[in-house]
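Participant:
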Amino acid sequence: MSAWIFRGNREEFDIDRYLLDFDYIYWAVKYKKHQDEINIGDPVFIWRSKGKSKDPYGLVAFGHVVEIPVSKEKVKYPKKLLEEYWKKEEVSPVKVGIKIDEARLSLPNGLVESALLQRDAELAGMQLLTARQGTNFKLSENEFKKVHSLWTGGDLFSDLASSYEAEEGSITLKLHKFRERDKKLVQLAKDNFIKKNKELFCSVCGYNFNKLYGFDYAEAHHIKPLSMIKAGEKVSVSELAILCANCHRAVHRINSTDPWSDLLKLHKKKL
Numbered sequence: 002m003s004a005w006i007f008r009g010n011r012e013e014f015d016i017d018r019y020l021l022d023f024d025y026i027y028w029a030v031k032y033k034k035h036q037d038e039i040n041i042g043d044p045v046f047i048w049r050s051k052g053k054s055k056d057p058y059g060l061v062a063f064g065h066v067v068e069i070p071v072s073k074e075k076v077k078y079p080k081k082l083l084e085e086y087w088k089k090e091e092v093s094p095v096k097v098g099i100k101i102d103e104a105r106l107s108l109p110n111g112l113v114e115s116a117l118l119q120r121d122a123e124l125a126g127m128q129l130l131t132a133r134q135g136t137n138f139k140l141s142e143n144e145f146k147k148v149h150s151l152w153t154g155g156d157l158f159s160d161l162a163s164s165y166e167a168e169e170g171s172i173t174l175k176l177h178k179f180r181e182r183d184k185k186l187v188q189l190a191k192d193n194f195i196k197k198n199k200e201l202f203c204s205v206c207g208y209n210f211n212k213l214y215g216f217d218y219a220e221a222h223h224i225k226p227l228s229m230i231k232a233g234e235k236v237s238v239s240e241l242a243i244l245c246a247n248c249h250r251a252v253h254r255i256n257s258t259d260p261w262s263d264l265l266k267l268h269k270k271k272l
């Protein structure tokens, strides 16, 4: 299994509109080598290039391959090719199908800026950042671990497990399927929180991104664990809690039968 970053140029393709409108997308695969290497289940990051825009650029979506690269005449859902989104000639008629797990088109929503990757010597040397041309970039195991850590809010610049070596064994990359989250439900939870509290902050520790960084940011946590939510089960907005990244990571690390209650006890607060 390989991991990838697929790059999109906003001057050539309306990547924002595509990701906003669809969570099942197709991406061009130009080179035969990549066409042969891409397989079902491969994790894929979507990279939005800077272009002429002054907006932040970097990682804007994450998903996994659900259709191997084929000629666009053979894709399962031709209506989702959306060729009208192209502003210039398409890169390749060969397309790979991707199911998007999460899209983050702005900094407040969690876009991972290119500057964060450039802070790491290994990532800064990736072809993605050094080459002007290219659409599909294969990641090494270590590159994927670092990029994925940035996407999930991990501390890339602390002591990484990937830098540790031992004779007893080798590091194994374990890929996990992501349970699908309803992006509209998450956004509605944040909107309702702002309406009630006038601003966005962590409902447990009170941390406010805006006061320090000048922009709103928070994450939504399912009080009922996703692992316990059955396919098709409806989740209400009231079942989502607004947390800072620290509390969100903490609640998923608390080893107990009721981590949410235990997190509240640690902070001696109630919603």
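Quick note on our numbering: the sequence shown kicks off at 2 and runs consecutively. Where is the CB? At the ideal position from N, CA and C, for every residue including glycine.
1. Taking the alpha carbon of residue 251 as the reference point, which residue from 263, 146, 240 has its own alpha carbon closest?
2. Identify whether residue 60 lies in helix, strand or coil by the three-state DSSP scheme.
3. Just checking, does the stretch 50-70 make contact with the stretch 96-103 on the three C-beta pairs under 8 Å criterion?
4. Using the three-state DSSP reduction, which class does residue 250 fall into: helix, strand or coil?
5. Closer than 8 Å by C-beta to residue 244: which residues in its own chain qualify, once you throw out the five before and the five after it? Chain order, please.
6. Take residue 113 and list the residues in its own chain whose beta-carbon comes closer than 7 Å to its own, dropping the five residues that flank it on each side.
7. DSSP state of residue 18, grouped into three classes?
8. Let's see if you can read the secondary structure: which residues bound the alpha helix (DSSP H) around residue 211?
9. Hey, would you say residue 8 sits closer than 8 Å to residue 54, going by beta carbons?
10. State the start and end residues of the unbroken alpha helix (DSSP H) segment that holds residue 143.
11. Measure the CB-CB distance between residue 106 and residue 20 and report whether it falls below 8 Å.
12. At which residues does the beta strand (DSSP E) containing residue 123 begin and terminate?
13. Spell out the partners DSSP gives residue 113 in its beta bridges.
14. Leaving out five residues before and five after residue 136 in sequence, what residues of the same chain have Cβ atoms less than 7 Å from its Cβ?
15. Ordered along the chain, which non-local residues of its own chain (more than five positions away) have a Cβ less than 6 Å from that of residue 17?
16. For a test of the three-state rule: what should DSSP assign to residue 41, helix, strand or coil?
17. With DSSP as the reference, label residue 202 as helix, strand or coil.
18. In the DSSP assignment, what residue or residues form a beta bridge with residue 31?
19. Roughly how many angstroms lie between the CA atoms of residue 121 and residue 225, to the nearest whole one?
20. Measure from the alpha carbon of residue 190 to the alpha carbon of each residue in 217, 239, 142, then state which is nearest.
21. On the DSSP bridge assignment, give the partners of residue 244 in chain order.
22. Who are the Cβ neighbours of residue 154 in its own chain at under 6 Å, not counting the five residues just before and after it?
23. Going along the chain, which residues of its own chain have a beta-carbon closer than 7 Å to the beta-carbon of residue 2, five neighbours each way excluded?
24. Residue 34: which of 139, 79, 14 sits nearest, CA to CA?
25. Kindly indicate which three-state DSSP category residue 194 falls into: helix, strand or coil?
Facilitator: With the given structure in hand:
1. Looking only at 263, 146, 240, the smallest Cα-Cα distance to residue 251 is reached by 263.
2. It is a strand residue.
3. The stretch 50-70 makes contact with the stretch 96-103, as at least three CB pairs between them are under 8 Å.
4. Correct three-state label for residue 250: helix.
5. Excluding residues up to 5 positions away in sequence, 203, 204, 205, 219, 220, 221, 222, 252 lie with their Cβ nearer than 8 Å to the Cβ of residue 244 in the same chain.
6. Correct list, in chain order: 59, 60, 151, 152.
7. It is helical.
8. Run containing residue 211: 210-214, per the alpha helix (DSSP H) assignment.
9. No, Cβ-Cβ distance for residue 8 and residue 54 is not below 8 Å.
10. Note, residue 143: alpha helix (DSSP H), 142-152.
11. For residue 106 and residue 20, yes; Cβs fall inside 8 Å.
12. Bounds of any beta strand (DSSP E) do not take in residue 123; it lies within the alpha helix (DSSP H) bounded by 122-125.
13. According to DSSP, which records beta bridges pairwise, residue 113 is partnered with 60.
14. Around residue 136: 7, 8, 29, 31, 92.
15. Excluding positions up to five away in sequence, the list reads 106.
16. If DSSP states are grouped into helix, strand and coil, residue 41 belongs with coil.
17. DSSP places residue 202 in coil when its eight states are reduced to three.
18. Answer is none; residue 31 lacks a bridge partner.
19. Approximately 36 Å between the Cα atoms of the pair.
20. Measuring from the Cα of residue 190, the nearest candidate turns out to be 239.
21. DSSP, once it has assigned bridges, lists 220 as partnering residue 244.
22. Here residue 154 has 246 as same chain residues with Cβ atoms under 6 Å from its own Cβ, once five neighbours each way along the sequence are excluded.
23. Taking C-beta separations shorter than 7 Å and ignoring five residues to either side along the sequence, the partners of residue 2 in its chain run 40, 42, 43, 176, following chain order.
24. The shortest CA-to-CA distance from residue 34 to any of 139, 79, 14 is the one to 139.
25. Per DSSP, reduced to three states, the secondary structure at residue 194 is helical.
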